[in-house]
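Protein chains in written order, with the UniProt record's numbering: chain A, 1 to 232; chain H, 1 to 369.
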Amino acid sequence: MTLKLGVPSKGRLMEKTFDWFAGHGVNIRRTGSDREYAGAVDGIEGVDLVLLSAGEIPRELVAGRIHLGVTGSDLVQERIADWENRVAALEPMGFGEADLVIAVPRCWVDVDTLDDLDAAAAAFRAAHGHRLRIATKYHRLVREFLREAGVADYQLVDSQGATEGTVKNLTAEAIADITSTGDTLRANHLKILSDGLIHRSQATLFKSRTADWDDAARASFRALSRRLGLDS
Amino acid sequence: MASKAEVLAQAERLHAFFRNAGAQPVQAAVLQPAETLLDLYGEDIRARAYVTSDAIRGEQMLRPDFTVPVVQMHMESGADPARYTYLGEVFRRQERDPGRPSEYIQVGYELFGGDSPVEADAEVFALFSEMLSPLGLRAATGDIGLLLAAIGGLSTTEKRKAALRRHVWRPRRFRALLDRFAGRTPLPEARKRLLAALKGQGAEALLEAGGPEIGLRSRADVAARLRTLAEDAAEPPLSATEAELLDDILLIRETCANALAHLRDVAVDLPAITPALDRMEARMDALAGQGIDVDLLDFEASYGRTTMEYYDGFVFGFYAEGRPDLPPVATGGRYDALTRILGQGRAVPAVGGVVRPELVLTLTAEAAR
């Protein structure tokens with residue numbers, strides 16, 4: 001069967017992905033009109049380009065509907081349980097870099113570490129009658145990180161956007177979100193905990209372990225990896 | 001692999017065993033309000049229980065165990081003493097190990113009230129021991145109450161003791177706290193700077209420099225914690241002797257009789273654990289009275305610290321030694337504190353346990369081979 005390569009379908013992530021492949025000697029491009037989500041891979045036999053939302057690529061990799069996919073490592077680790085056994089990270093691509101961090105109001109001058117966050121959460125629960133709320137869309141990564149660190153008396157509240165604003169809007173006391181420069185955090189009077197880095201994410205080329213890797217798909221993969229220099 | 005019908009038949013036999021021991025059969029809803037469980041167990045339970053929701057009742061959980069609903073039922077209308085048994089599915093979300101079942105049958109026995117907690121502990125343990133005796137399992141016991149008593153006996157501030165007590169069930173954080181209170185690990189640099197600034201400039205100046213107040217955690221909350229930090233910094237470290245005594249207790253892993261002798265030695269330097277040891281000795285007598293050979297029974301001081309259950313006293317588990325791949329066949333313990341939290345001020349001594357019939361079946365089949 002043809003090897004299916006899933007790439008982000010729009011925006012900077014798509015452009016950077018195309019640039020990265022071009023820089024590695026593989027020309028991939030969209031075909032048809034601007035609005036049509038179709039694409040092609042030039043010069044390598046048996047490879048189909050599949051344009052997808054970056055957020056759906058983890059799911060498609062696990063389902064085995066694509067053999068290879070480009071998406072953020074944060075999305076793969078958040079959305080795929082036991083991800084190491086279901087996909088392989090072939091190559092970090094050096095763009096789309098962002099850190100998933102825990103941030104708290106800058107006015108919490110007593111809180112610098114997870115240890116402080118835990119103590120503050122205990123006191124907060126006793127004083128306010130509910131667990132300290134942390135707004136995030138990365139539930140699994142944040143929960144696992146806090147469990148490892150032994151932080152208790154917090155609760156995660158879902159925030160799918162404008163997460164930095166939740167503290168000011170009184171829907172959360174702290175946040176866990178993606179940041180690249182920290183500017184938005186600072187503008188919202190938040191600071192990152194010194195040991196609050198949960199995951200350093202970047203766009204990564206992933207390989208599905210569950211897709212149907214028949215001889216044709218393997219042959220195309222070998223040709224593609226040689227061209228991309230993945231063997232070295 | 002046993003069929004569901006076979007597992008249910010086995011479950012029914014275990015349920016009958018508990019009914020014959022005088023337990024009243026009770027039921028619990030599969031859907032439990034998520035809020036109660038989250039408040040008890042914290043966010044970690046989301047990784048282990050299925051959460052669902054509807055527009056009217058909000059978040060619900062597929063029951064991860066029966067303990068909470070049975071306690072609630074008892075607290076609303078309970079006789080004293082009361083013995084209950086139940087049989088049904090529990091649901092456990094699996095995120096790591098695809099081999100573990102996400103749904104399995106549990107049969108349980110819970111004992112509320114009574115005149116003597118140690119007699120109740122012994123009754124429940126002996127019941128499980130008798131029920132499982134054909135399988136030749138290894139029993140492990142422990143006592144979270146002993147650990148709580150040891151913490152209570154440390155010569156340090158109530159705040160430090162509360163912090164240690166709060167993390168008894170999170171061994172790694174507990175260790176970090178103990179090492180810091182004992183001065184075995186240095187204060188983080190940022191904390192040192194904060195304390196110096198607090199001393200030099202005062203809390204007001206620090207709070208001013210922190211910028212605008214945002215969020216529900218108020219400036220008063222922050223100021224209160226700054227005071228706590230300053231007070232704690234002024235406290236002498238926990239004595240090396242006491243920290244070592246606690247280390248020593250946590251590592252105890254021998255037969256009940258040897259463990260007790262060892263702990264009596266520790267009590268010379270940490271007399272606060274003596275009442276807990278008297279209870280342990282009385283429990284051993286009660287267990288012996290129930291026909292348990294306490295000379296062979298294992299005691300592990302750290303047993304029960306990593307389970308999510310809310311055990312705060314005697315704890316036990318039954319394991320198939322030849323099958324380390326299997327989870328424990330039965331587990332249980334005392335959970336007085338849970339009844340206090342769910343009873344809104346009222347509390348009842350409570351001890352109980354659960355058994356997994358499909359493991360009983362598997363091991364019975366193996367023993368027959």
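Glycine residues also receive a C-beta, built at the ideal position from the N, C-alpha and C atoms.
Limits of the unbroken alpha helix (DSSP H) element including residue i
i: residue 58 (chain H); result: Segment 58 to 62 is the beta strand (DSSP E) holding residue 58 (chain H); no alpha helix (DSSP H) there.
i: residue 194 (chain A); result: Unbroken run through residue 194 (chain A) is the beta strand (DSSP E), 190 to 201; no alpha helix (DSSP H).
i: residue 36 (chain H); result: 34 to 41
i: residue 200 (chain H); result: 189 to 209
i: residue 23 (chain A); result: 11 to 23
i: residue 57 (chain A); result: 57 to 63
i: residue 17 (chain H); result: 4 to 20
i: residue 215 (chain A); result: 215 to 228
Residue i: first and last residue of the uninterrupted beta strand (DSSP E) it sits in
i: residue 72 (chain A); result: 68 to 72
i: residue 324 (chain H); result: Unbroken run through residue 324 (chain H): none, as it is neither H nor E.
i: residue 8 (chain A); result: 3 to 8
i: residue 80 (chain A); result: Per DSSP, residue 80 (chain A) belongs to no beta strand (DSSP E) and is neither H nor E.
i: residue 226 (chain H); result: Segment 219 to 234 is the alpha helix (DSSP H) holding residue 226 (chain H); no beta strand (DSSP E) there.
i: residue 53 (chain H); result: 51 to 54
i: residue 106 (chain H); result: 103 to 112
Buried/exposed call for residue i, threshold 16 Cβ in 10 Å
i: residue 232 (chain A); result: Residue placement at residue 232 (chain A) is poorly supported in this model, since its pLDDT is 49, which falls under 50; the coordinates still yield a value, given next. Exposed is the call here.
i: residue 12 (chain A); result: exposed
i: residue 10 (chain A); result: exposed
i: residue 130 (chain A); result: exposed
i: residue 366 (chain H); result: exposed
i: residue 106 (chain H); result: buried
i: residue 3 (chain A); result: buried
i: residue 345 (chain H); result: exposed
i: residue 151 (chain H); result: buried
i: residue 135 (chain A); result: buried
i: residue 102 (chain A); result: buried
i: residue 196 (chain A); result: buried
i: residue 215 (chain H); result: buried
i: residue 132 (chain A); result: buried
i: residue 188 (chain A); result: buried
i: residue 129 (chain H); result: buried
i: residue 31 (chain A); result: exposed
i: residue 116 (chain H); result: exposed
i: residue 96 (chain A); result: buried
i: residue 204 (chain A); result: buried
i: residue 148 (chain H); result: buried
i: residue 58 (chain A); result: buried
Beta-carbon gap between residue i and residue j smaller than 8 Å
i: residue 294 (chain H); j: residue 284 (chain H); result: yes
i: residue 126 (chain A); j: residue 207 (chain A); result: no
i: residue 82 (chain H); j: residue 290 (chain H); result: no
i: residue 160 (chain A); j: residue 137 (chain A); result: yes
i: residue 313 (chain H); j: residue 330 (chain H); result: no
i: residue 224 (chain H); j: residue 123 (chain A); result: yes
i: residue 65 (chain H); j: residue 30 (chain H); result: no
i: residue 237 (chain A); j: residue 74 (chain A); result: Residue 237 (chain A) lies beyond the range of chain A shown here (1 to 232); nothing can be said about it.
i: residue 71 (chain H); j: residue 257 (chain H); result: no
i: residue 141 (chain H); j: residue 260 (chain H); result: no
i: residue 190 (chain H); j: residue 113 (chain A); result: yes
i: residue 211 (chain A); j: residue 64 (chain A); result: yes
i: residue 40 (chain A); j: residue 49 (chain A); result: yes
i: residue 174 (chain A); j: residue 104 (chain A); result: yes
i: residue 235 (chain H); j: residue 156 (chain H); result: yes
i: residue 326 (chain H); j: residue 359 (chain H); result: yes
i: residue 109 (chain A); j: residue 222 (chain H); result: yes
i: residue 227 (chain A); j: residue 26 (chain A); result: yes
Residue i versus the options, residue with shortest Cα-Cα distance
i: residue 14 (chain H); options: H:201, H:357, H:36 and H:120; result: H:357
i: residue 266 (chain H); options: H:198, H:243, H:201 and H:3; result: H:243
i: residue 61 (chain H); options: H:74, H:39 and H:76; result: H:39
i: residue 200 (chain A); options: A:98, A:28 and A:64; result: A:98
i: residue 205 (chain H); options: H:68, H:194 and H:214; result: H:194
i: residue 46 (chain A); options: A:5, A:152 and A:107; result: A:5
i: residue 166 (chain A); options: A:221, A:190 and A:58; result: A:190
i: residue 333 (chain H); options: H:354, H:340, H:341 and H:348; result: H:354
i: residue 186 (chain A); options: H:169, H:200 and H:212; result: H:212
i: residue 246 (chain H); options: H:20, H:86, H:174 and H:100; result: H:174
i: residue 62 (chain A); options: A:106, A:221 and A:76; result: A:76
i: residue 153 (chain A); options: H:68, H:172, H:44 and H:255; result: H:44
i: residue 335 (chain H); options: H:322, H:323 and H:307; result: H:307
i: residue 241 (chain H); options: H:275, H:255 and H:182; result: H:182
Distance between beta carbons of residue j and residue i, contact taken as under 8 Å
i: residue 320 (chain H); j: residue 127 (chain H); result: About 19 Å; that fails the 8 Å criterion.
i: residue 14 (chain A); j: residue 8 (chain A); result: 5 Å
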